[in-house]
Structure formats: C-alpha cells, structure tokens
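There are 2 protein chains.
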Amino acid sequence: MAINKSLEFSKELVELAEFAKALSHPARIAILQTLAEKQMCICGEIVEVLPLAQATVSQHLKELKNAGLIKGEVEGKKSCYCIDWEAFERFTSKMNTMFKDLSNQQCC
Amino acid sequence: MAINKSLEFSKELVELAEFAKALSHPARIAILQTLAEKQMCICGEIVEVLPLAQATVSQHLKELKNAGLIKGEVEGKKSCYCIDWEAFERFTSKMNTMFKDLSNQQCC
DNA sequence: TTTATTCATCGTATATTTGCGATATAAATT
DNA sequence: AATTTATATCGCAAATATACGATGAATAAA
Chain A
1 MAINKSLEFS KELVELAEFA KALSHPARIA ILQTLAEKQM CICGEIVEVL
51 PLAQATVSQH LKELKNAGLI KGEVEGKKSC YCIDWEAFER FTSKMNTMFK
101 DLSNQQCC
Chain B
1001 MAINKSLEFS KELVELAEFA KALSHPARIA ILQTLAEKQM CICGEIVEVL
1051 PLAQATVSQH LKELKNAGLI KGEVEGKKSC YCIDWEAFER FTSKMNTMFK
1101 DLSNQQCC
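The following block contains the structure:
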C-alpha cells in the first residue's frame, strides 16, 4: 500500500535517485538553464520564461532548493536564486561515475 | 488543477526530464546496476536482489522499458532483460551536454 | 500612509506513482 | 493431464506530485 521503501536501499542510491527526481520535470530543468544563463537569477524572470503560474514556479524552486541544487537569497522584495555549483558538480560526477561503472556488454 | 503542462516545454527538455524520471527511484537505478553486473538479466534474479515484491519489480521493469532504457525478451517461461546501451548513451550524453552548457559563475 | 510589487505559502483539486495481493498466462516438469 | 514455475497484468489503497487561485508578508513607490 505505497509504503515508502526508499530506506531499504543504500544511501548512495537514494541520493542519486533524489537528484534524478529533482531533474524529472521539464520546468525544473528549464529553471536550472535559466539560472545558468542569466546573471540576475530573479524569481520573476523565471516566471516570465515558463508557461506556469507564479505559485507553481515558486513550488518548483522550493523543490530544487530542498534537493540542494540551488540557493536562494532575499534581496529587498525580490528573491535571488542561483545554482549551487558545488552540490551540482557533486551529483553529476556521482551520476557519471555510476554510469561508467555499468559495464557495457549487450546480453539480449 | 494538475493539468499536464509538459507539452508547453521543448521536446528536448521533456525527453531529458523523462530520462531523469526513469532514474528517479532507487529501485530502478538498482535494477540498471544489476542488469549491468550480471550477464543473465533474468527477472527473477532482480526480484531476489531488491526488497520489493515481484509485481512491483515487474512494474519498475516496465517503466524502464517504456523509457527506452532497457530491452526485454521472453526466453521460455523466463524473461531476459538488458540495458539498451545505445539509448542509454544517447541520454547520458545529452544530459552531460546540457550540464556542460550551463555556464559556471556564482551569482549569490 | 496608502498603494503597488514581489514572492512564499496555504488550501484544494486532480493526476500520477508506488506497492502489493490476486489472478491470468504460458512454458516446463511430473 | 495435472502441477509447478516464472512472469505480466489487474485492481486497489495510499502517498506524492502538479497546478493554481487566494492570501499573507514584506518591501518599495506614490
């Protein structure tokens, strides 16, 4: 009955899965791309770019923040977001390492 | 009201997000690792390794198959699964390219 | 001080995912 | 032919995710 079985997997695996989950919605990838392109990182700019309501964008930003992929700072009445490159690199290299560890022989 | 807005994003973005979604559950990453390690690729072996019921594993296998990351063949009363390395490479390189395209300057 | 702007959060509706028992199907074994 | 084995699928329950209007809180502008 939809009990959460995540805890029965290794921490490593759960973390990789969480990283992937953060990237599992086109809006969130689009947000990361926007944050990387622009210097400004203002929430309103992201809302303008995406086909989503402000509340929805705010929610996606929160998820990216919870996943540790972005950081946020309040700047007056605006909110400045940016990618946490350190965390980002950590995750992508883990993911790449895992992919490389998968040996490469076709079996069927 | 949870309308699906995926179609309002570029095909590229949607595909990347779907790839990430396939990897967004520890069980599915574990399945990929198992498929990569073992030659045999029999469903039953995967069930033995994972802390999940057979029906659940079968469902995760189906999702990986739908995502195009694995292939499956019936071998008598058994089912042989394996990673579709071509598709896998295609996705991982797209993902890596996207990450590289994100320029790397901290803004806040 | 009043008003407008920017954003986060709450509440809610709906959709999707996760998990599994039960069952169906098809092949192998007896 | 009957039984066992291996797997897929159905149907259900619970949990999560998606989306947004409404509202609140805090700052900036008038």
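From first to last, the protein sequence lines stand for chains A and B.
Taking this note's numbering, the leading residue of the first sequence gets 1, the next gets one more, and so forth.
Taking this note's numbering, the leading residue of the second sequence gets 1001, the next gets one more, and so forth.
We put the CB at the ideal spot given by N, CA and C, even for glycine.
- At a cut-off of 9 Å between beta-carbon atoms, Arg-90 of chain A makes no contact with chain B.
- Per DSSP, the unbroken alpha helix (DSSP H) holding Ile-29 of chain A starts and ends at 26-37.
- Sixteen is the threshold: when 16 or more other Cβ atoms of the shown chains lie within 10 Å of the Cβ of Leu-1052 of chain B, as they do, the residue is buried.
- Comparing C-alpha distances from Leu-7 of chain A to each of B:Ala-1020, B:Val-1047, B:Glu-1015 and B:His-1025 shows the shortest one belongs to B:His-1025.
- A Cβ of chain A is located within less than 9 Å of the beta carbon of His-1025 of chain B.
- The three-state secondary structure of Lys-5 of chain A, taken from DSSP, is coil.
- A check of alpha carbon separations from Leu-1061 of chain B across B:Cys-1043, B:Lys-1021, B:Ala-1036 and B:Ala-1017 identifies B:Cys-1043 as the nearest.
- No residue range can be given for Gly-76 of chain A, since it is assigned to no beta strand (DSSP E) and is classified by DSSP as neither H nor E.
- Any Cβ of chain A closer than 9 Å to the Cβ of Glu-1063 of chain B would place that residue at the interface, and such an atom is absent.
- Judged by beta-carbon spacing, Cys-82 of chain A lies beyond the 9 Å limit of Lys-94 of chain A, meaning their Cβ atoms are not closer than that value.
- Cβ neighbours of Lys-1077 of chain B within its own chain (closer than 8 Å, five residues either side excluded): none.
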